[in-house]
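There are 2 protein chains.
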Amino acid sequence: MNLYFCVVKKKEIHFRSDCPIGKTLDILGDKWSLLIVRDLVFKGKNTYGDFLNGGEGITTSVLADKLALLECGGIISKGTHPESKAKILYSLTPKGIDLIPVLVEVIEWSEKHHEVHPFATSFVKQLKKDKAGVIKMLRQSLK
Amino acid sequence: MNLYFCVVKKKEIHFRSDCPIGKTLDILGDKWSLLIVRDLVFKGKNTYGDFLNGGEGITTSVLADKLALLECGGIISKGTHPESKAKILYSLTPKGIDLIPVLVEVIEWSEKHHEVHPFATSFVKQLKKDKAGVIKMLRQSLK
DNA sequence: CAAATTCACTTGGAAATTCCAAGTGAATTT
DNA sequence: AAATTCACTTGGAATTTCCAAGTGAATTTG
Chain A
1 MNLYFCVVKK KEIHFRSDCP IGKTLDILGD KWSLLIVRDL VFKGKNTYGD FLNGGEGITT
61 SVLADKLALL ECGGIISKGT HPESKAKILY SLTPKGIDLI PVLVEVIEWS EKHHEVHPFA
121 TSFVKQLKKD KAGVIKMLRQ SLK
Chain B
1 MNLYFCVVKK KEIHFRSDCP IGKTLDILGD KWSLLIVRDL VFKGKNTYGD FLNGGEGITT
61 SVLADKLALL ECGGIISKGT HPESKAKILY SLTPKGIDLI PVLVEVIEWS EKHHEVHPFA
121 TSFVKQLKKD KAGVIKMLRQ SLK
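Sequence lines, in order, name chains A and B. So the first sequence is numbered by full-length UniProt numbering: it starts at 1 and just counts up by one. So the second sequence is numbered by full-length UniProt numbering: it starts at 1 and just counts up by one.
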């Protein structure tokens with residue numbers, strides 16, 4: 001992975017600096033990308049149509065753009081779908097799977113400071129008991 | 001904190017859903033906001049001018065906008081600067097300080113998967129030894 | 001103590017991104 | 001064979017970001 005560029009399949013990510021937080025934002029710093037990762041990790045979604053009807057109402061053009069950028073950033077990869085040739089199976093790369101601890105901290109923070117869905121509240125309770133175990137289980141579920 | 005809105009001083013944040021990750025992105029989901037938080041936590045920056053010359057080159061209009069949104073989102077607050085009346089002191093709220101574990105996970109993830117500044121690499125080594133201790137120290141440094 | 005500078009912004013306009021609705025072609029189902 | 005599903009693309013409007021310049025209050029300088 002280059003220090004200041006990343007070009008894959010026509011898409012290009014320009015890294016502004018060698019700051020780890022800055023680089024993360026260059027890949028994931030928008031309103032949608034992390035929701036796609038969330039759908040992959042927590043909701044078992046893995047097709048274009050799944051993401052499109054994923055709750056928050058991303059538009060199709062933005063979805064196409066974000067999927068390409070996530071692929072360029074090494075977070076997701078495209079594969080053949082077991083059910084049909086018409087479908088494309090999106091999955092997290094190891095780099096994408098490694099985002100789970102970040103997601104977990106985000107959920108914990110947000111649950112503490114906002115009103116959120118009851119499911120999130122009970123998820124955070126699980127985390128308080130055994131964070132490492134929860135993360136391990138989530139990793140397993142993506143194998 | 002309301003479930004779907006947050007309006008403070010003319011600025012407004014609209015929460016798309018009751019998902020904790022979604023709400024986080026509604027406040028912090030852009031290319032700049034988290035860098036401002038980073039500057040506050042890790043670089044001891046706390047004035048408008050500090051952020052403006054903060055390395056990555058945010059523009060003044062975007063900075064003004066992001067500061068207002070971060071304030072609206074309850075992440076930062078404005079105060080009087082001890083040195084001068086012309087300056088405004090920005091500081092993290094308790095909610096903003098609670099972002100430290102999120103930042104730490106982001107740094108750990110990004111350092112693993114990208115080439116980053118040597119400082120980040122040695123910081124991650126510290127984390128491997130005693131993550132809780134490092135987080136505690138960072139919290140202390142903001143008191 | 002008047003003039004220059006610092007400081008935290010605002011303003012105006014161009015460029016980029018996002019939103020929205022409609023359309024396309026390959027694969028699948030009816 | 002026709003209709004539907006699927007993963008997109010296209011075109012255009014709305015919003016956000018970028019860029020350069022300007023503003024007024026507070027502070028420093030000559």
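Here a beta-carbon is modelled for each residue, glycine too, at the ideal position from N, C-alpha and C.
At the 8 angstroms Cβ level, is residue i part of the contact set with chain B, yes or no?
i: Ile135 of chain A; result: no
i: Asp30 of chain A; result: yes
i: Gly55 of chain A; result: yes
i: Leu34 of chain A; result: yes
i: Lys131 of chain A; result: no
i: Lys11 of chain A; result: no
Would residue i count as contacting chain A if we go by Cβ distances under 8 angstroms?
i: Met1 of chain B; result: Low confidence applies to Met1 of chain B: its pLDDT is 42, below 50, so where it sits in the model is not reliable enough to give any reading.
i: Lys23 of chain B; result: yes
i: Cys19 of chain B; result: yes
i: Arg139 of chain B; result: no
i: Lys125 of chain B; result: no
i: Lys95 of chain B; result: yes
Could you give the residue range of the beta strand (DSSP E) that holds residue i?
i: Lys78 of chain B; result: 76–80
i: Ser91 of chain A; result: 88–92
i: Lys11 of chain B; result: 11–14
How far does the alpha helix (DSSP H) with residue i in it reach, from first residue to last?
i: Ser33 of chain A; result: 33–42
i: Gly49 of chain B; result: 48–52
i: Val30 of chain B; result: For clarity, residue 30 of chain B is Asp in the given sequence; the question names Val instead. Counting along the chain, Asp30 of chain B falls outside any alpha helix (DSSP H), and DSSP gives it neither H nor E.
Any idea which residues DSSP pairs residue i with across the strands?
i: Glu71 of chain A; result: Beta-bridge pairing links Glu71 of chain A to no other residue.
Task: Members of the stretch 98–122 of chain A that neighbour chain B once the beta carbon cut-off is set at 7 angstroms - done: Asp98, Leu99, Pro101, Val102, Leu103, Glu105, Val106, Ile107, Trp109, Ser110, Glu111, Lys112, His113, His114, Glu115, Val116, His117, Ala120
Open item on the list: Quick check for students: name the residue ranges of the alpha helix (DSSP H) that lie wholly in the stretch 97–133 of chain A, counting only runs of 4 or more.
Closed with: 100–113
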